[in-house]
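Asks: Reading the sequence shown from the start, the letters are residues 911 to 988 in this note's numbering. Ideal Cβ positions, reconstructed from N, Cα and C, are used throughout, including at glycine. Take this structure, written in structure tokens, and hold onto it; I'll ask about it next.
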Amino acid sequence: MLDDGHEDLFGGIWPFMKRALFVFLPLWVAMIVWYGGVDYIDRTILLFMTTISAGLTFPVIQLFEKLNIKRKIKSKSD
């Protein structure tokens, strides 16, 4: 069962904003890592570190959404 998020829109602006923030999380992580090391680390190594750190945020987002769906299913079954 996929969570389409339409029921979250009735909860106000925060659930919608939370989903929008999670969409841009890899970009923000990449920007923080890039600008944090741009003057100190070689560009090729920094690019590698930036892509790895941004890519690792995708499993975090998936885990968060999976736990959110499990919590909703459990609350509906109770």
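Who are the Cβ neighbours of A964 in its own chain at under 8 Å, not counting the five residues just before and after it?
Replies: Residue numbering aside, residue 964 sits at position 54 when the sequence shown is read from its first letter. Correct list, in chain order: P936, L937, V939, A940, V943.
Asks: Please report the distance separating the alpha-carbon of L957 from that of T967.
Replies: The residue you call residue 957 lines up with position 47 of the sequence shown. The residue you call residue 967 lines up with position 57 of the sequence shown. Cα to Cα, L957 sits roughly 16 Å from T967.
Asks: Once the 5 residues before and after I971 are set aside, which same chain residues still bring their CB inside 7 Å of it?
Replies: Your numbering for residue 971 matches position 61 in the sequence shown. Hits under 7 Å: F932, L935.
Asks: Please state the DSSP three-state secondary structure of I983.
Replies: Counting from one through the sequence shown, the residue named residue 983 turns up at place 73. If DSSP states are grouped into helix, strand and coil, I983 belongs with the helices.
Asks: How should T960 be labelled, buried or exposed, when 16 other C-beta atoms within 10 angstroms of its C-beta is the threshold for buried?
Replies: The sequence position of residue 960 within the sequence shown is 50, counting from 1. So T960 ends up on the buried side.
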